Amino acid sequence: MASPNACGNVALLLSALKQEKVEYTPTGIIKVQIVYYCCCCCERIERALINTAMNIPTTETLGQGHGLMQVHKALDYCSKFKSVISSPVRYRINVTGGLQKKGRGIYIRDIIPAQVMRYSIGVTPQFPENYPNEKRLNFELKCALKTTSPYINPCEHLIIPSHGNSFQVVVKIPQDTDTDEPVIFTEIVGLDISNPEAGPVFRVPVVICVPLLTSKYVLERVGPYPREIRRPFCLATGKIDRKMYVVPEGCSHASL
1 MASPNACGNV
11 ALLLSALKQE
21 KVEYTPTGII
31 KVQIVYYCCC
41 CCERIERALI
51 NTAMNIPTTE
61 TLGQGHGLMQ
71 VHKALDYCSK
81 FKSVISSPVR
91 YRINVTGGLQ
101 KKGRGIYIRD
111 IIPAQVMRYS
121 IGVTPQFPEN
131 YPNEKRLNFE
141 LKCALKTTSP
151 YINPCEHLII
161 PSHGNSFQVV
171 VKIPQDTDTD
181 EPVIFTEIVG
191 LDISNPEAGP
201 VFRVPVVICV
211 PLLTSKYVLE
221 RVGPYPREIR
231 RPFCLATGKI
241 DRKMYVVPEG
251 CSHASL
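So for the sequence shown, full-length UniProt numbering puts the first residue at 1; every next one is plus one.
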């Protein structure tokens, strides 16, 4: 029921915006540009919902995403930041480097001998076809880059002109620590320096998987099985316990 509930909340938000005459789509977009029109509309509404969502401390990040929808706060956000909601400019994220070719974020899941990985993140503004050339040339967004993870080290500021810009990110790979956090999720967010209260202009998701080295838990032959990994853990109602292991060399299958 999550999707129907989200659709109902978005419908209520759009209805309220129409009633209060708050523009949430770019003006002057013709029918030929209906695809861009829909994308811009969705991004603006999505930004309002994400930036006002309520985080649930008892639920893991991978299970709740950005949090629980707050329609009233999203409506207040749209009313307060009308220029943000009506802006036709979108941002395309392109990540290269590490072991991945291209992507919209950073995803590290394999065991890596190196302790650091370097990535290049490109941010390019996207304009509608009928956007005035003068505004394109004069476009400039000054961003402050923020992250809450100690494993990521981006630069502090970035200037994005009309043709886009890129910045480098160094990711420190945590080693096998038998931690309670085998999957680390964080984001690199870009804030408009002139309007930081409006929340992130763009987000770069970062997922780091920390697999456990099976050599620490592999025992000698036990019963009919050639190898056995013993590692006790407790499960509570509704709790998800994620454990990832490095596949031992020569292993062809596993029995649970």
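All residues carry an ideal CB built from backbone N, CA and C; glycine is no exception.
Keep in mind it's a predicted model, so treat the numbers as computed, not measured.
Cβ neighbour criterion (16 or more within 10 Å) applied to residue i
i: M54; result: exposed
i: I188; result: buried
i: I240; result: exposed
i: V222; result: Its pLDDT being 48, under 50, V222 is placed unreliably by the model, and the measurement read from it follows with that caveat. By the neighbour-count rule (16 or more Cβ atoms within 10 Å), V222 is not buried but exposed.
i: V169; result: buried
i: G250; result: exposed
i: P132; result: exposed
i: P232; result: exposed
i: residue 275; result: Residue 275 lies beyond the stretch modelled for the chain, which goes from 1 to 256, so this question has no answer here.
i: I152; result: buried
i: P125; result: buried
Supposed close pair residue i, residue j - CB separation, criterion 8 Å
i: D192; j: C143; result: 7 Å
i: I108; j: G98; result: 7 Å
i: A198; j: F81; result: 5 Å
i: S71; j: L12; result: For the record, residue 71 in the displayed sequence is Val; it is not Ser. Right, their Cβ atoms sit about 6 Å apart.
Distance CB(residue i)-CB(residue j) smaller than 9 Å
i: T59; j: A74; result: no
i: P150; j: K172; result: yes
i: L68; j: V10; result: no
i: I159; j: L141; result: yes
i: F202; j: I45; result: no
i: H163; j: L145; result: no
i: P182; j: M244; result: yes
i: F139; j: V89; result: yes
i: F167; j: V123; result: yes
i: C78; j: V116; result: no
i: residue 257; j: G65; result: Residue 257 is absent from the model: the chain starts at 1 and stops at 256.
i: G238; j: Y91; result: no
i: T96; j: Y119; result: yes
i: residue 270; j: L212; result: What the structure shows of the chain is the stretch from 1 to 256, and residue 270 is not part of that stretch, so it cannot be assessed.
i: P200; j: R47; result: yes
Residue i Cβ short of 8 Å to the ligand GDP heavy atom set
i: P57; result: The ligand GDP is not part of the structure shown, which contains no ligands of any sort.
inquiry  = Restricting to runs no shorter than 4 residues, where is the alpha helix (DSSP H) found entirely within the segment 42-97?
reply    = 61-64, 71-80 and 82-85
In chain order, each alpha helix (DSSP H) run of at least 4 residues that lies wholly inside the UniProt domain "Tripeptidyl-peptidase II first Ig-like" (90-208)
Every alpha helix (DSSP H) of 4 residues or more that sits fully in the UniProt domain "Tripeptidyl-peptidase II first Ig-like" (90-208) is shown, in chain order, as 133-138.
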